[in-house]
Amino acid sequence: MRSLSIALIFLLTVLNLFGQSAEGEGGKQLPLSLSDYLSRVNKGNLGYIAEQFNVSVAEAQLKAARVFPDPEISIAYSNNEDKTMLMGQGIDAGVSYPFSLGNKRGANVSLARSQKELAQSALDAYFQNMRAEATISYFAAIRQKNLFRLQTDIYNRLRKLAEADSLRLKVGAINATDALQTTLEARSQKNQVYQAEADFQASLTQLAQLQGKIFSDTLLLPSGDFPLQQKVFNLSNLIQSALERRSDLQVAIRNKEISEKQIRLIRANRAFEFSLNAGYAHSTVVKNEIAPAPAFNSYSAGITIPLKFSGLNRGELQAAKSAVSQREIVFRDTQLQITSEVTQAWFVFKALEKQLLHYQTGLVDDAAKILEARTYAYQRGETGLIDLLNAQHTFSDLQVEYYDTLYKYTEALVSLEKAAGIWDIG
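Okay, so the sequence shown: first residue is 1264 according to the numbering used here, each after it adds one.
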């Protein structure tokens, strides 16, 4: 019952401090779960919105690639000195349409489709990185919130101790040095409260930025908690999952496909081409006495074949083939990097998992029990102030280390799932 009362007093004190801080700035508080927060980030993050335009641009380019080549129409007028030599006038009209045996349009469409898929894969990779960063920032804010509460609780303990020692000094139960020492400890701890509050506010500012918002009077306080449910991962399965799902590997695959399709487009541009032509001409009456002629119409059809001497230069094709070889090496290197990244993230996660389990064996609880016992003994005059302050510092250090370990464990979990291309947090 005593522990429950202390916890209740502590909770009310912290809530009162939060309320005073927000009300003093004319603001209000709203709880924010991890799922709601990630939804806000998904909708409001300005960097993510900007990346989405790359997909829109690629879709428009794909539509443009589907356009067929335009026919050409030609019109010409001729005047064979009609006024002076009476040779008449003429008008010619024609139409031509190009053909390519290399199917340039199909190659362009295929290349544009791969470029659109590349833009989508890049967007997916950006989203995965953004989601991981936002999640880590969310849990960083939870850590800072807990540290703020911890420092506030320690300050309240020391303040009450200093007030009690002031009364004990008046009745001669303790000496002036001990009373002054507890007062200095409480005043020193107040600075820790100020710093913890500033760090907490900074973490909330980071949350607002990732949502595409500026920090306002409305405080969106993270209401979740650290994911403490033990997870069992198999390293081989994680690596296999990463090689199948990682968006950055998909980006490498798309880049390789684009290089291969650029070769196809180059070959299509070098393939045999021709244009079919059809024409119509009308000549007026020739009234020249030496060579008179009636008005007449004429029709023509033909084919135009460009002489592609530029095709003898194979530099562009050789450069494209080298690019394919380069993309292949980059793809294999990306696979290796992903495998290494997953392996390293797994070892870091396992180490922090052991540290967290070690803290959960009762380290913090035992430190709290010792502090409570030392406080009770000090108030009864059964132990010295140094023993009490040592117990207080041990409890404080263990609590800070525990919250740091909780955060680092969560950060390692997020990094591992991000590396493996899976997600089941929040």
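Cβ atoms here follow ideal geometry from the backbone N, Cα and C, with glycine treated the same way.
Out of Gly1542, Asn1540 and Ser1585, state which residue places its alpha-carbon closest to the alpha-carbon of Ile1526.
Ser1585
Closer than 8 angstroms is the cut-off here; do at least three beta carbon pairs connect the segment 1549-1566 with the segment 1383-1401?
no
Would the beta-carbon of Leu1467 fall within 7 angstroms of that of Leu1293?
no
Residue burial classification, Leu1274 (beta-carbon count within 10 angstroms, cutoff 16):
Residue placement at Leu1274 cannot be trusted, given a pLDDT of 37 that sits under 50; the coordinates are not used to answer.
Among Ser1302, Leu1349 and Phe1316, nearest to Val1549 - alpha-carbon criterion:
Leu1349
Answer with buried or exposed for Gln1458, where buried requires no fewer than 16 other C-beta atoms within 10 angstroms of its C-beta.
exposed
Which residue spans inside the segment 1554-1629 form an unbroken beta strand (DSSP E) run of at least 3?
1559-1567
For Arg1643, is the classification buried or exposed, using 16 other Cβ atoms within 10 angstroms of its Cβ as the cut-off for buried?
exposed
For Phe1537, write down the residues that DSSP places opposite it in a beta bridge.
Phe1362
Taking all protein chains shown into account, do 16 or more other C-beta atoms lie within 10 angstroms of the C-beta of Ile1502, making it buried, or fewer, making it exposed?
buried
Where does Leu1293 fall in DSSP's three states?
strand
Does DSSP classify Asn1308 as helix, strand or coil?
coil
Evaluate Tyr1666 with the Cβ neighbour count: other Cβ atoms within 10 Å of its Cβ, from every protein chain shown; 16 or more gives buried, anything less gives exposed.
buried
Burial state of Pro1569 (16 or more Cβ within 10 Å)
exposed
Are the beta-carbon atoms of Phe1537 and Phe1331 separated by less than 7 angstroms?
no
Three-state secondary structure (DSSP) of Asp1441:
helix
Close-in-space but distant-in-sequence residues of the same chain around Leu1325 (CB under 8 angstroms, 5 per side omitted):
Val1372, Ala1375, Arg1376, Gln1378 and Lys1379
Since I believe Tyr1418 is in contact with Ala1449 (beta carbons under 8 angstroms), could you give me their beta-carbon distance rounded to a whole number of angstroms?
7 angstroms
Which listed residue (Gln1455, Tyr1401, Ser1504 and Thr1624) has its alpha carbon closest to that of Gln1472
Tyr1401
Short of 8 angstroms in beta carbon distance, which residues of its chain neighbour Asn1317, apart from the five on each side in sequence? Order them along the chain.
Ala1382, Ala1385 and Leu1386
Work out the CA separation of Arg1394 and Asn1438 for me, nearest whole Å.
57 angstroms
Between the CA atoms of Phe1610 and Leu1297 - distance to the nearest angstrom
26 angstroms
Measure from the alpha carbon of Tyr1340 to the alpha carbon of each residue in Val1456, Pro1334, Tyr1622 and Asp1355, then state which is nearest.
Asp1355
Simplified DSSP state of Asp1355, which is helix, strand or coil:
strand
Pull up the distance between the alpha-carbon of Pro1485 and that of Arg1303, whole angstroms please.
13 angstroms
Exposed or buried, which one is Tyr1249 when buried takes at least 16 other CB atoms within 10 Å?
Coverage of the chain is limited to positions 1264 through 1689, which leaves residue 1249 absent and any answer about it impossible.
Classify Asn1342 as helix, strand or coil using the three-state DSSP reduction.
strand
Buried/exposed call for Ser1573, threshold 16 Cβ in 10 Å
exposed
Tyr1672 and Leu1619 - do their beta-carbons sit closer together than 7 angstroms?
yes
Span of the alpha helix (DSSP H) around Leu1669
Leu1648 to Ala1683
Within the segment 1496-1520, ranges of the alpha helix (DSSP H) (whole runs, at least 4 residues)
1498-1508
Does any residue of chain D have a CB that is nearer than 7 angstroms to the CB of Lys1524?
In the structure shown, chain D does not exist; there is a single protein chain.
Just the C-alpha distance for Asp1488 and Arg1406, rounded to the nearest angstrom, thanks.
9 angstroms
Please classify Gly1435 as buried or exposed, where buried requires at least 16 neighbouring CB atoms within 10 angstroms.
exposed
Could you check what DSSP says for Leu1482 in three-state terms: helix, strand or coil?
strand
How would you call Asp1416, buried or exposed, if buried means at least 16 neighbouring beta carbons within 10 angstroms?
buried
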